[in-house]
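Residue numbers (UniProt numbering): 1 to 495.
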Amino acid sequence: MRPQLSLDYMKKDIYLIRWLRATRFDIKAAEKMLTENLEWRKENDMENILNEDWSDFESNYPIELQGCDKEGRPVSSGNADDWDVRGVTVSGKLHRGIRYIDRVIEEASAIVRAMQENGDNVTRLVQLIDMRQFNFVQHGCPVCITLYVYAIQTYRDHFPGTVHKVIMLNVPSYFLSIWRLIRHLLPEEERNLIVLHGRDETTWKKALLKDIDYTELTTEYGGVNKDAPVEITEVALHRAGLSSCILIPGIFSGTVKYADDLIISQKQKEILDKNLRWREENKMDTILNEEWSDLELNYPILMQGCDKIGRPVVSGQAGEWDVRGAILAGLYERGLRYVDRILEESVVIVRKAQERGENMTQFVAVIDMRHYSFVQHGCPLCVIMYAYAAQSYRDHYPGSAHRVIMINVPSAFLAAWTLIRSALPEDERNLLVLYGRDEHEWKTPLFKEIDPSELTIDFGGTNEEAVSQISDHFYRDNVSCEWMRHQRNIDKNGI
C-alpha cells in the first residue's frame with residue numbers, strides 16, 4: 001500500500017489510522033477506502049486545488065479561523081448569513097461550488113498538518129456554524145440541500161476523522177425537532193460529531209465556553225474579539241508560519257481587537273441594515289403593486305374584523321390552499337414571494353391604521369385546519385414553504401403578530417406540538433396557539449379575545465362573509481375597526 005502513497009504526510013501513522021478508524025479497523029475495507037480516495041484525489045487534481053484562483057468564492061463564502069480550543073485544536077467558523085448558497089446554483093456555479101467544498105476541507109486538513117509539522121499535538125479541528133440568519137430562500141432550496149449532502153459525503157469518503165466537532169448555534173427550532181428524530185439513525189461517531197444548540201444565547205455560550213476560551217472567539221460566538229484573525233482560505237499565505245495556537249492571532253492581525261461599549265447597538269444596526277438590504281434586493285416596497293390575482297383567487301387571506309383590544313384579525317382556510325398544486329404548477333418561487341407579500345400586506349394594514357390615529361401595533365391571524373390534507377399540504381416542499389413563512393416573519397417582520405391561532409388542528413399536529421413547544425423561544429411559544437377539532441374547546445378561548453360579531457360563521461362567528469381580502473387596496477388604505485363594522489352593516493342592510 002505504501003508505494004501508492006505519493007506524499008510524505010500520507011505515509012505517517014497519524015494519517016493512516018484515520019482510515020482504519022473509519023472502517024472500524026477492518027484492514028481490507030480501510031485499504032479499499034484509501035485506494036479509492038487516492039484515485040479520487042488524482043482524478044480531481046486535489047494536490048493543486050489550494051493553488052487555484054478562488055477569489056470569487058472566498059469573498060462571498062468565507063470560512064474564518066477563530067483560534068484554538070482548550071485542547072489546542074484550531075477552531076474555524078462560518079456564518080449562514082454570509083453564504084448565499086442559492087446564489088451558487090442560480091449563477092450556474094454548482095460544480096464549482098462542489099469543488100469549493102473540497103477546497104475548504106482540504107485547506108482545513110492542511111492547517112492541522114502544518115501545526116503537526118511544527119510540533120503541535122493536533123489531529124483534528126473544530127467547526128462552528130452560526131445559523132442565526134438561516135433562511136429557506138438562500139439556504140433551503142432543493143439544490144442547496146444537494147451541496148450539504150455532498151459536503152457530508154466528501155468528508156466521510158475523503159477526510160474521515162479530520163473534524164473533532166461540528167457545533168451549530170442559533171439553530172431554528174424545527175431543525176432541532178428534526179435532529180431529535182433522525183439522530184439515532186446515524187452511526188455513533190457521527191452522532192457525537194454534530195452538536196446542535198438552539199437560539200437561547202445564554203445556554204449555548206455556557207456550553208461553548210467550556211471547550212473554547214472566550215479570548216479565542218469573536219463577539220458573535222460569545223468571545224471578546226471584534227474580528228477573526230483570518231479567513232481560512234487565506235491561511236495558505238501563512239501556513240508555514242502557523243506553528244501554534246498562540247501565534248494564530250499574531251500572524252494574521254498582530255493584535256487582538258476587543259469589542260467596545262457600543263457593540264449591542266452596533267449589532268442592532270447590522271440587523272436593521274440587513275433587513276433594509278433584503279427589502280431593496282427583493283423590491284419589497286413595490287411588492288403590493290405586483291399582479292397577484294391568480295394567487296389571491298386560489299390562496300386567499302381574509303380580513304375578519306378586530307379583536308377586543310382593536311387589533312385587526314386576518315384568517316386563512318387550509319382547505320382553500322392547494323399548496324402542493326402550486327408547487328407542481330411551477331409556482332414554488334412565486335409562492336415564497338407570495339408569503340412575503342401577505343406578511344407585508346398585514347403590516348401595511350396596521351401601519352395605515354396607525355397613520356390615521358388608530359391604536360394598532362399588531363395583527364392576529366386565525367387559521368382553520370379543518371380540511372388539512374397531507375397530500376395537498378404535507379409534501380416536503382410544502383413544509384419548506386411553511387418554514388420559510390416562519391423564518392421570513394422572524395427575520396423581517398418580528399413583533400408584527402400578536403397571536404397565530406390555529407383551530408381544528410389534527411391530533412397528530414397537537415402531539416408534535418406538545419413535543420417541540422418547549423424547545424421554542426418563549427416569545428414564539430406565546431405567539432402560537434393550537435386547538436383541536438372539538439369546536440366547544442376552541443370557541444370559548446377564541447371568543448374571549450374576539451367577539452363573534454367580528455368573525456365569520458366558519459370561525460364560530462355570526463357573519464356570512466369576511467369584510468374583504470387583505471389584498472383589496474381600498475380596504476387596506478381605509479381600515480379601522482369602526483370602519484370595518486360600518487362596511488359590514490352596509491353589506492348586511494344596504495345602508
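Even for Gly, the Cβ is constructed at its ideal location relative to N, Cα and C.
Sequence-distant residues of the same chain with beta carbon closer than 6 Å to residue i, five excluded per side
i: L169; result: D130, H197, W204
i: Y258; result: Low local confidence applies: a pLDDT of 35 at Y258 is under 50, so the model's placement there is unreliable, and no value is given.
i: K443; result: G460
Residue i vs residue j beta-carbon contact at 7 Å
i: R73; j: L125; result: yes
i: K11; j: L20; result: no
i: A466; j: Q354; result: no
i: I212; j: V122; result: no
i: P160; j: A387; result: no
i: R183; j: R191; result: yes
i: R437; j: R429; result: no
i: P312; j: C306; result: yes
i: G67; j: E201; result: no
i: F136; j: Q391; result: yes
i: E106; j: I145; result: no
i: V406; j: I457; result: Per the sequence presented here, residue 406 reads as Met, with Val not at that position. Result no, Cβ atoms of M406 and I457 do not sit closer than 7 Å.
i: S480; j: E358; result: yes
i: F57; j: Y100; result: yes
Straight-line Cα distance separating residue j from residue i
i: A412; j: S400; result: 29 Å
i: L128; j: D69; result: 11 Å
i: residue 496; j: F175; result: Because residue 496 is not part of the residues shown, which for the chain are 1 to 495, the question remains open.
i: E337; j: K283; result: The sequence given here has Arg at residue 337, not Glu. Their Cα atoms are separated by approximately 11 Å.
i: E71; j: I14; result: 17 Å
i: G461; j: Y372; result: 21 Å
i: L34; j: R96; result: 25 Å
i: C404; j: P380; result: In the sequence as presented, Cys is not what sits at residue 404; that position holds Val. Using only the alpha carbons, I get a separation of about 22 Å.
i: H158; j: L65; result: 22 Å
i: A415; j: L431; result: 18 Å
i: S177; j: Y61; result: 28 Å
i: H440; j: T418; result: 21 Å
Where residue i falls, given that 16 or more other Cβ within 10 Å makes a residue buried
i: P445; result: exposed
i: F363; result: buried
i: S315; result: buried
i: T218; result: buried
i: L147; result: buried
i: A329; result: exposed
i: N408; result: buried
i: L276; result: exposed
Beta-carbon contacts of residue i that lie in its chain and below 7 Å, excluding the five residues immediately before and after
i: L193; result: V163, K165, V166
i: E220; result: D130
Nearest neighbour of residue i, chosen from the options [CA to CA]
i: K206; options: E216, G222, R191; result: G222
i: G140; options: H402, C382, M406; result: C382
i: W321; options: M385, R279, L185; result: M385
i: S109; options: W40, Y9, E52; result: Y9
i: H396; options: K352, W278, L302, L185; result: W278
i: E189; options: N489, R24, E439, M369; result: R24
Any non-hydrogen atom of the ligand GTP within 6 Å of residue i CB
i: V88; result: Absence of the ligand GTP is noted for the structure shown, with no ligands found whatsoever.
Same chain, Cβ closer than 8 Å to residue i, five either side skipped, listed in chain order
i: D273; result: none
i: I287; result: R337, D340, R341, E344
Minimum Cβ-Cβ distance from residue i to chain D less than 7 Å
i: M284; result: Chain labels in this structure do not include chain D; a single protein chain is all it has.
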